[in-house]
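In our numbering, the protein residues as written are 4 to 270.
Don't be surprised by glycine CBs; every beta carbon is placed ideally from N, CA and C.
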């Protein structure tokens with residue numbers, strides 16, 4: 004992870020800029036869901052039978068469903084765009100150079116035409132695998148782990164990028180799984196810590212004058228949200244750097260392509 008340590012500032016700026024629209028959408032959505040949840044809780048305390056419904060879809064307002072879809076799609080797309088931008092930074096670092104944030108955006112976003120379709124395909128395939136059973140979803144995520152680096156570095160179409168990832172990950176999938184598991188474990192532990200902070204903030208709010216659970220202050224909600232998204236940025240940086248380094252190493256071993264040759268792709 005030397006690539007992350009050496010480019011931590013650049014990575015953070017790239018992720019923050021790319022994911023800012025997603026952060027704002029998720030902030031609105033999170034606050035809206037919290038307000039709605041408090042309203043539902045108060046309603047159920049006053050009239051328990053008011054929450055009975057023949058369909059679970061009737062319990063949620065329409066904005067809940069399209070808000071969930073919107074936040075998921077925007078976050079997914081911008082996360083992969085951030086990965087494409089960071090790909091250039093990592094390759095330049097491996098070639099012994101330091102890439103500016105401006106150059107990284109200029110070179111990385113030039114591949115957006117293929118990265119965005121790849122992002123949708125990988126997300127849909129992984130989601131279907133997770134719905135069927137967790138194991139197939141994890142396997143699909145590993146097999147397609149190098150799709151975005153392939154789309155960025157080889158300037159190929161979406162389907163070719165997926166096929167290329169299948170080829171490159173063959174024989175390296177256990178290593179990719181263990182590395183990804185380590186990143187996820189760190190993220191999970193830190194998320195639990197942040198979750199405990201949020202739970203303590205909620206418990207500290209106590210009850211209002213009517214006896215209902217009081218809503219945490221806006222400041223506490225925002226602090227909890229910011230901490231959550233700092234973790235999200237860290238996870239994006241870690242997985243993006245892992246994908247970039249893994250792609251470069253495999254290309255070097257299998258095809259004899261060094262970092263300098265990879266960097267020349269952006270020239």
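By the Cβ criterion, the segment 188-197 is not in contact with the segment 169-176, since fewer than three pairs of Cβ atoms, one from each stretch, lie closer than 8 Å. Under the three-pair Cβ rule at 8 Å, the segment 96-112 does not count as touching the segment 123-136. Counting C-beta atoms within 10 angstroms of its own C-beta, residue 232 has 16 or more neighbours from the protein chains shown and is therefore classed as buried. Look at residue 132 here: in three-state DSSP terms it is helix. At least 8 Å separates the beta-carbon of residue 80 from that of residue 239. As summarised for the segment 62-136, the continuous alpha helix (DSSP H) elements at least 4 residues long and confined to that stretch are 65-97, 104-112, 115-135, given in chain order. For the pair residue 133 and residue 149, the CB atoms are not nearer than the 8 Å cut-off. Rounded to the nearest angstrom, the Cβ distance from residue 89 to residue 243 is 4 Å, consistent with a contact under 8 Å.
Pairing residue 21 with residue 84 gives a Cβ-Cβ distance under 8 Å. Taken in chain order, the complete alpha helix (DSSP H) segments of 4 or more residues contained in the segment 147-202 are 150-157, 161-172. By the 16-neighbour rule on beta-carbons within 10 angstroms, residue 100 is exposed.
Closest option to residue 14, judged by alpha-carbon separation, among 44, 69, 32, 102: 102. By the C-beta density criterion, residue 146 is buried, having at least 16 other C-beta atoms within 10 angstroms.
Separation of residue 12 and residue 91 (C-alpha to C-alpha, rounded to the nearest whole angstrom) is 15 Å.
DSSP places residue 227 in the helix class (H, G or I) of the three-state scheme. The Cβ atoms of residue 168 and residue 185 do not sit closer than 8 Å to each other.
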